[in-house]
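Protein chains in written order, with this note's numbering: chain A, 1 to 398; chain B, 399 to 796.
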């Protein structure tokens, strides 16, 4: 997905190197890009094998390929080693999800302070551009919040990020991205920022129902998520919450697996003495998220419900995007969830290349100019709209 | 459980040897027997370690202990090796469940013909007493069917075996015996004997609701089970079916696990390259069935609904037993399911020792005299009753 979008902009981004532990995955992506004729102009597109946990190997690859911008869309366990390789080689670093330690679930908030923000000073001292969490959520939804604060509110009381996938993959059960990461989001404490305090809940404890554009009425549940941990620091807002849409079937399967202990990251021993992490076995039996794309139908709706004051009056806006699974697949061989997560880091890379986001320091998305980002996303397949009551317009006409 | 009951009858059964792969399990049983003071008279009670798949080691143990009767209540995967050791040493063989090949699920009916009955001629030639499936079901329910045929019917149209555990273990989810065996019963084809033909169904496809003595109204589902595979051969009855009671919660958990592929006995490979059998991981996370005993409450009801003709009139009887989990635990440190399964083979061993069941050949329970078996069970904690309409009496007063 990311490589597809990079190829569509290779006039600005230049040579493209795709690296993974498994080089055949990279080659498959290159084949798909060539099949779609996605390269905007003739240019280099190469596959590399690298273990991104190996910092020296990653540095060597960055140097060999003369990469100036590294988009890390690998597992969330790799962030710190890839960031280190970027700092040491002077490359710009972009990622789309917070770092995780495979042995820990749901650490102390704010999560960014546990890993990424420990490198704030070093990035600033060395002039390293590091943009954290620039997928859709976190990422685009952070820009929505920044835009609202800068343009549409005098003061904000609450930011509620809503993430609904109203698509259908036709399988009994599947997660839309790596099940290991997906379930880890829901097994620990749900941290939200309420009344300027970190507030703990459990998953599926707090529910809301919204009637959303295009996808209609949806049930959403308070969920722990990356962007709550940076927006709460960077925007002066007393309430920041993240809500994810779930159907009854998803909740039932999740509840069964969790209650049985099958979502545990702690190894168990079988009667035969084999040590196994149950969650890894669950991952092994579930469909590969990438395999869902061809038959995925329906739409996603992700956005920010923002409440506050403007000119002495209460105001409520919904800043959002609707994406279509089948259109995403037709364009990039990816399903909608990969599309919404994969387009934004490429837009960010273009903004770094153009200078708009050449921050020379570590930043979360809400700290960067929102307008060039949203303007670029409009042209890249992820248009933003703003809804206020019955008024529903493209963000730049609002 | 079995050892407890043997100890209570060691005046007739003599020296008792308890063998398992894990000798500490045997020692724990001996400690429990001593704590309860279960030995009827002072006598030998010893623990041995043996891998029952190792035929030579098992033969050596039978010879060393001079065992004349072997009660095999190990995993269903061990039957053929233990039977071989008995045939070679001349010991009587008793088991409580059909042999299973770990790599196969639900083989061609009748199941006994795939393994056990291949040794019919050899047992007869050598005069080996081998009593197959002498637990509760299979086992006692086979005797119920035989009794009904011999005493209460001129012709039988159908035998429906009902197995309800209306007990509560207080856990989110648990199986009452080895989860590996438990789930294997429900993942393959459900074979029943209908209109004198083997009829395939799937699990939870066919439901019935019964109002049963003591436990009340229960939902039961057509299930594949051992006794259907011998009763269909030995009794001239056109319909033999087995039904097991399940609550909605059990069915939901089972359905989720099955649909996800987590009940599969075929290995999957994790992302890290580890080969794992999902079912073994599910077993590892579930409570050990033995651990359920102390807090188990409620009752089981297991019996045969038998329909046919007597003296030219249609007749319907329910021949059944009700057992209590807490009473079983008080007597033998075991829960009700282990109790109902563990007492009958000890009764059978006593009948072999006394000569009533010294068959000198391989037999299923319905081929042996039912009355001495049921009379003995009356005195050992598993009384039989017969219900016809509102009339409900001990079997020997009916």
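Glycine included, every Cβ here is placed at the ideal spot set by N, Cα and C. These numbers come from a predicted model, not from an experiment.
Leaving aside the five residues that flank residue 780 of chain B on each side, the residues in its chain whose CB is nearer than 6 Å to its CB run, in chain order, 719, 741. Per the coordinates, the alpha-carbon of residue 765 of chain B lies some 15 Å from the alpha-carbon of residue 549 of chain B.
Listed along chain A, no residue sits closer than 8 Å to residue 508 of chain B by beta-carbon distance, the nearest being about 29 Å off.
Judged by DSSP in its simplified three-state form, residue 642 of chain B adopts strand. A straight-line Cα-Cα distance of about 13 Å links residue 273 of chain A and residue 419 of chain B.
Pairwise C-beta distances place the stretch 512-522 of chain B in contact with the stretch 755-764 of chain B, as three or more of them are shorter than 8 Å. The way I'd put it, the stretch 783-792 of chain B doesn't touch the stretch 443-459 of chain B; fewer than three beta-carbon pairs between them come closer than 8 Å.
In the three-state reduction of the DSSP assignment, residue 604 of chain B falls in the coil class, being assigned neither a helical nor a strand state. For residue 262 of chain A, the closest Cβ of chain B is nearer than 7 Å.
Any Cβ of chain A closer than 7 Å to the Cβ of residue 539 of chain B would place that residue at the interface, and such an atom is absent. Nearest neighbour of residue 303 of chain A by Cα position, chosen from A/103, A/327, A/162, turns out to be A/162. Scanning its chain for C-beta atoms nearer than 6 Å, with the 5 sequence neighbours on each side dropped, one finds around residue 403 of chain B the residues 741, 744, in chain order. Against chain B, the CB of residue 276 of chain A has a partner CB under 7 Å away; the residue lies at that interface.
Inside the stretch 260-337 of chain A, DSSP marks whole alpha helix (DSSP H) runs of 4 or more residues at positions 278-285, 325-332, from first to last along the chain. Per the coordinates, the alpha-carbon of residue 573 of chain B lies some 8 Å from the alpha-carbon of residue 684 of chain B. Contacts with chain B at 7 Å (Cβ-Cβ) include residue 270 of chain A. Residue 325 of chain A has its alpha-carbon roughly 10 Å from the corresponding atom of residue 292 of chain A.
In the structure shown, residue 532 of chain B falls within a coil segment according to DSSP collapsed to helix, strand and coil. Under the three-state reduction of DSSP, residue 758 of chain B is assigned to coil, being neither helix nor strand.
Beta-bridge analysis with DSSP links residue 791 of chain B to B/784. According to the DSSP assignment, residue 500 of chain B belongs to no beta strand (DSSP E), since it is labelled neither H nor E.
In the DSSP assignment, residue 70 of chain A falls within the unbroken beta strand (DSSP E) covering 69-72. DSSP, read as helix, strand or coil, puts residue 476 of chain B in coil. In the structure shown, the three-state DSSP call for residue 764 of chain B is helix. Near chain A, meaning a CB-to-CB distance below 7 Å, the residues of the stretch 546-572 of chain B are 570, 571. At a cut-off of 7 Å, the C-beta of residue 364 of chain A has no neighbouring C-beta in chain B. Look at residue 32 of chain A here: in three-state DSSP terms it is helix.
For residue 628 of chain B, the enclosing alpha helix (DSSP H) covers residues 624-632. Sorting A/62, A/63, A/53, A/70 by C-alpha distance to the C-alpha of residue 3 of chain A places A/70 at the top. Residues of chain B with a Cβ closer than 9 Å to the Cβ of residue 73 of chain A do not exist, since the nearest Cβ in that chain sits about 17 Å away. Looking at B/582, B/794, B/755, B/437, the one whose alpha-carbon comes closest to that of residue 600 of chain B is B/582.
Counted as a single uninterrupted DSSP element, the stretch harbouring residue 178 of chain A is not any beta strand (DSSP E), since DSSP gives it neither H nor E.
Chain A places no beta carbon closer than 7 Å to that of residue 438 of chain B, leaving this residue out of the contacts. For the stretch 281-304 of chain A, the set of positions with a beta-carbon nearer than 9 Å to some beta-carbon of chain B reads 281, 282, 283, 284, 285, 286 in chain order. Around the CB of residue 17 of chain A, 16 or more other CB atoms lie within 10 Å, so the residue is classed as buried. For the C-beta of residue 657 of chain B, the chain A residues within less than 9 Å are, from N- to C-terminus, 172, 173, 253.
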